[in-house]
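What follows is a set of notes on a single structure, which appears directly below.
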Amino acid sequence: MSEVMDIKYAAAATFDSAKDLYDAAGKVREKGYKNWECFSPIPVHGLDAQMGYPRSKVPRFTLAGGFTGFFTGMLIVWFMNEFDYPLIVGGKPYFSPIYPFPVFYELTILFAAFGTLFGMFFLNRLPQHNHPVFEHPDFGRTGDDQYMIVIEVEDPLFDDEETLSFLESVGGESVQIIREPID
Amino acid sequence: MSEVNQAEQHDILKKVDPAPWKDVPLVLNNRSYKWVTDKICGIVESKTPTWWWWCFITALCIASFTGMGLVYLVSTGVGVWGNNNPVNWGWAIVNFVFWIGIGHAGTLISAVLCLLKQKWRTSINRASEAMTVFAVLCAGIFPLFHVGRVWFAWWLFPLPNANAIWPQFRSPLEWDVFAVSTYATVSILFWYMGMIPDMAVLRDRATQTWRKYFYGFFAMGWRNANNHWRNFEMAYLLLAGLSTPLVLSVHTIVSFDFAVANLPGWHTTIFPPYFVAGAIFSGFGMVLTLLLPVRAAFGLRDLITQKHIDNMCMITLATGSLVGYAYAMEFFIAWYGANSYEGFAFINRAFGNYWWSYWIMISCNVICPQLFWFKKIRENTPLVWIISIFVNVGMWFERFVIANTTLSRDFLPSSWGYYSPTVVDIFTFFGTFGFFSVLFLLFLRFLPLMPMCEVKSVMPQANPHADH
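Chains as they are written, first to last, in the numbering used here: chain A, 5 to 187; chain B, 5 to 472.
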């Protein structure tokens, strides 16, 4: 079958400024849409609250990483210098939480940093090299100087004509349907 | 009473005309977002400039000196370096501390200035972070090869080996292994994470297949979605918060290499803060040395403005003065502490066998940056660049003075000696500048030089609450 099939993914509208996006996002949320997203070249200040997003969960991963690092540090020093091969050096104790503190400290930071980065990846569901939104002909400009709102077909309130005219009414330009090719 | 005062104040406000607060724009000439994207991506996407090839080939040639030095060292032994008794730490430790210190300004700009909400950092932080990563790589060469049998260097890490002996964690040198490797790793993570949105921009603009794959791979499928930005911003803030105590701890632990030893001139509590201030000082010197030519070569005057240069000069001035204060305080404590060995160590530093290096250090680190008090000098870019070179030279000599004056004149006069580097020392160190430049030139050519999303965020268009 050579013909490329596609299915409807979402309705999209572009905006020219952060302010237009911010105002329109408020209206989309008030209307009661659930499966929608804003795209912007910068993190727009205050847009999270405007979209009704809760606080990011990345800090939990950081905290978990930090604790793991600290206790890993303690564990390796205790295991290596006290348990597995006790070695007398400089008359100091085999294990103490004091003298190897730099080791715990650095490992806390190291593991917390990995927790932060991978936590961010996990929460953002990355890496995901393909996504229907990339099918939008002007998607590249959302990294440059354009803003975009996308309302997915999955949304319970989605209706072809109504959603498109709603996006126009909140100031969206080049309102269109994004179609996702399937084979 | 207070009401009266308030009323009086209001009357005064009516009479006087308060001067409007003039915010200097961080991007000059009212540039648009598109201009910023085209400018930064254009550097990577355009044809390789001829000057780049000349610089790259020169840098490769210089880097080969490190290669030759190390090959000769590994095939012969550490004896080819000038290290001897009593100066067992020669140029290796000096170069190590020098390069590690340089890295610190990158982390300071990316992390500490981020937490302090210094918006001017946005246009210089990517290049400074790159500098950090490359400087740490250069630094790592020296302790790695100083161990002698470099193929056993992995014994420094807590890995099981054939002798069934573990690293011993009472030594500051082992703490250093953890500090420096953590520093290198976290710097790379921070640098990479900041680059993800910019890689996505390059991916979306790419026309050649290899670019689509290269930038696409590293962009990880980033979509500029607000949900992505939300987690990204939080992660960025957290990494900044983690890097701040990290950068302070790394040079603190490097200073422990000296301060934990019982030698006069080293065994002082001032070392950690003094090393950190010196590291930031030398790092800003290197940032100026690198970014002023980059600014001229790529025409980035609207993005790296005079305000940026002023701020960097003033930080150099502040940290240079802090370092000068530390030099003075060391002398004061040596006298006030009434320890004859400590007193001798400091008199020897300034007037002993290495007096010349001490005075090079004082003139480059304490006197030279004082020129930055003057606006005329800060606005003279070639002069700022020359002063930044002096800062780099001075900070190398600081480490030389600390390591060598103390070791060459220890407690027993019978073991006193004089340290001179060999040709192999000089080759190896000289070559690291080439190695560093090779990496930095590759960075300029293939990676986004400035964080576009952050630069755009500090432009007036980013404000969603203002009328446009």
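Ideal placement from N, C-alpha and C gives every residue a C-beta, glycine not left out. None of these values were measured; they are calculated from a predicted model.
Q. Can you list, in chain order, the residues of the region 115-144 of chain A whose Cβ is nearer than 8 Å to any Cβ on chain B?
A. A116, A117, F118, T120, L121, G123, M124, F125, L127, N128, L130, P131, Q132, H133, N134, H135, V137, F138, F143 and G144
(Q) To the nearest angstrom, how far is the alpha carbon of A:I102 from that of A:A68? (A) Counting from one through the first sequence, the residue named residue 102 of chain A turns up at place 98. Counting from one through the first sequence, the residue named residue 68 of chain A turns up at place 64. Going by the C-alpha atoms only, they are around 22 Å apart.
Q: Could you please tell me which residues of the region 172-191 of chain B, in chain order, have their CB closer than 7 Å to any CB of chain A?
A: Q172, F173, R174, W179, F182, A183, T186, T189 and V190
Q.
On the DSSP letters alone, give me the boundaries of the beta strand (DSSP E) that A:T258 sits inside.
A. In the structure as shown, chain A begins at 5 and stops at 187. Residue 258 of chain A is therefore absent and cannot be evaluated.
Q. Are the beta-carbon atoms of B:M399 and B:G105 separated by less than 8 Å?
A. Stepping through the second sequence from its first residue, residue 399 of chain B is reached at position 395. Stepping through the second sequence from its first residue, residue 105 of chain B is reached at position 101. Contact flag set, yes.
Q) By the criterion of Cβ-Cβ separation under 8 Å, what are the contact partners of B:K38 in chain A? A) Against the second sequence, residue 38 of chain B aligns to sequence position 34. Under the 8 Å cutoff, chain A gives D148 and D149.
Q | Unbroken beta strand (DSSP E) run spanning A:Y37, endpoints | A | Residue mapping note: residue 37 of chain A aligns to position 33 of the first sequence, counting from 1. Element bounds for A:Y37: n/a, residue is neither H nor E.
(Q) For chain A, check one thing: does any of its Cβ atoms lie closer than 8 Å to the Cβ of B:S473? (A) The first residue shown for chain B is 5 and the last is 472, placing residue 473 of chain B beyond what the model contains.
(Q) Please confirm whether A:A22 has its beta-carbon closer than 8 Å to some beta-carbon of chain B. (A) Position 18 of the first sequence holds residue 22 of chain A. Interface residue, yes.
Q: List the endpoints of the continuous alpha helix (DSSP H) containing B:Y219.
A: Stepping through the second sequence from its first residue, residue 219 of chain B is reached at position 215. Counting along the chain, the alpha helix (DSSP H) containing B:Y219 begins and ends at T213 to A223.
Q. How about the region 113-130 of chain B and the region 193-212 of chain B: do they share at least three Cβ pairs that are nearer than 8 Å?
A. yes
Q: Could you say if the region 401-416 of chain B and the region 55-72 of chain B meet the contact criterion of at least three C-beta pairs nearer than 8 Å?
A: no
Q | Three-way DSSP call (helix, strand, coil) for B:I337 in this model | A | Within the second sequence, residue 337 of chain B is the residue found at index 333, counting from 1. If DSSP states are grouped into helix, strand and coil, B:I337 belongs with the helices.
Q: Quickly, what does DSSP pair A:M152 with across the bridge? List them, please.
A: Here residue 152 of chain A refers to the residue found at position 148 of the first sequence. Beta-bridge pairing links A:M152 to A:T18 and A:F43.
Q | Neighbour flag for B:R130 against chain A, beta carbons, 8 Å | A | Here residue 130 of chain B is taken as the residue at index 126 of the second sequence, counted from 1. Cβ-Cβ to chain A under 8 Å: no for B:R130.
Q. How about B:N228: is its C-beta nearer than 8 Å to some C-beta of chain A?
A. Position 224 of the second sequence, counted from the first residue, corresponds to residue 228 of chain B. Yes - at least one Cβ of chain A is within 8 Å of the one on B:N228.
**Q.** Of the listed residues B:W233, B:M463 and B:D180, nearest to B:D202 (C-alpha basis)
**A.** In the second sequence, residue 202 of chain B corresponds to position 198, counting from 1. The shortest C-alpha separation from B:D202 is found at B:W233.
Q: Check A:I182 in the structure and name its three-state DSSP category.
A: What you label residue 182 of chain A is simply residue 178 of the first sequence in a count that begins at 1. Reduced to three states, the DSSP call for A:I182 is strand.
**Q.** Backbone secondary structure at B:Y188 - three-state DSSP
**A.** In the second sequence, the residue the question calls residue 188 of chain B occupies position 184. Contrary to the premise, residue 188 of chain B reads as Ala rather than Tyr in this sequence. Of the three classes helix, strand and coil, the one that applies to B:A188 here is helix, per DSSP.
Q: Establish whether the CB of A:F43 and some CB of chain B are separated by less than 8 Å.
A: Counting from one through the first sequence, the residue named residue 43 of chain A turns up at place 39. Chain B contact via Cβ: present.
(Q) I need the DSSP call for B:A229, collapsed to helix, strand or coil. (A) Locating residue 229 of chain B in the second sequence gives position 225, where the first residue counts as 1. DSSP places B:A229 in strand when its eight states are reduced to three.
Q: Assign A:E158 to one of three DSSP states: helix, strand, or coil.
A: Within the first sequence, residue 158 of chain A is the residue found at index 154, counting from 1. A:E158 falls in the coil class under three-state DSSP.
Q: Starting from B:F236, find everything on chain A with Cβ-Cβ shorter than 8 Å and list it in chain order.
A: Translated into positions along the second sequence, residue 236 of chain B becomes position 232. What B:F236 touches in chain A: P47, M124 and N128.
Q.
Within the continuous alpha helix (DSSP H) that includes A:P63, where are the two ends?
A. Indexing the first sequence from 1 puts residue 63 of chain A at position 59. Element bounds for A:P63: V62 to V81.
Q. Okay, do the region 82-91 of chain B and the region 246-254 of chain B touch, 3+ Cβ pairs below 8 Å being the bar?
A. no
Q) Smallest Cα separation from B:F336: which of B:I351, B:T323 and B:L295? A) Numbered from its first residue, the second sequence carries residue 336 of chain B at position 332. Ranking B:I351, B:T323 and B:L295 by Cα distance to B:F336 puts B:I351 first.
Q | Integer Cβ distance of B:F444 from A:E110, believed to fall under 8 Å | A | Translated into the one-based positions of the second sequence, residue 444 of chain B becomes position 440. Translated into the one-based positions of the first sequence, residue 110 of chain A becomes position 106. B:F444 to A:E110, Cβ: 26 Å. No contact.
Q: Please list the partners that B:L160 has in chain A, where partner means a Cβ-to-Cβ separation under 9 Å.
A: As a first step, residue 160 of chain B must be located in the second sequence, where it is residue number 156. Within chain A, no residue comes near B:L160; the closest Cβ sits about 12 Å away, beyond 9 Å.
Q: Decide if the region 386-401 of chain B is in contact with the region 69-85 of chain B; the criterion is three or more beta carbon pairs, one per stretch, under 8 Å apart.
A: no
Q.
Output needed in chain order: residues of the region 75-93 of chain A with a Cβ under 7 Å from some Cβ in chain C.
A. In summary, chain C is missing from the structure at hand, where the protein chains are A and B.
Q) Taking the alpha helix (DSSP H) that B:S412 falls in, what are its first and last residues? A) Mapped onto the second sequence, residue 412 of chain B falls at position 408. Unbroken alpha helix (DSSP H) run through B:S412: T385 to S412.
Q | 8 Å contact criterion, which A:F115 and A:G175 should meet: CB distance rounded | A | For the purposes of this step, residue 115 of chain A is identified with residue 111 of the first sequence, where counting begins at 1. For the purposes of this step, residue 175 of chain A is identified with residue 171 of the first sequence, where counting begins at 1. That belief does not hold up - the Cβ atoms of A:F115 and A:G175 are roughly 46 Å apart, past 8 Å.
Q: Run through the region 79-140 of chain B for me and flag every whole alpha helix (DSSP H) of 4 or more residues, listed as ranges in chain order.
A: 95-111
Q.
At a CB distance below 7 Å, what residues from the region 445-464 of chain B approach chain A? Give them in sequence order.
A. C457, K460 and S461
Q) A:E177 bridges to which residues according to DSSP? A) Your numbering for residue 177 of chain A matches position 173 in the first sequence. DSSP lists A:T18 as partners of A:E177.
Q.
Just checking: is the beta-carbon of B:P277 within a distance shorter than 8 Å of some beta-carbon in chain A?
A. Taking the second sequence and counting its residues from 1, one reaches residue 277 of chain B at position 273. False, the Cβ-Cβ gap to chain A never drops below 8 Å.
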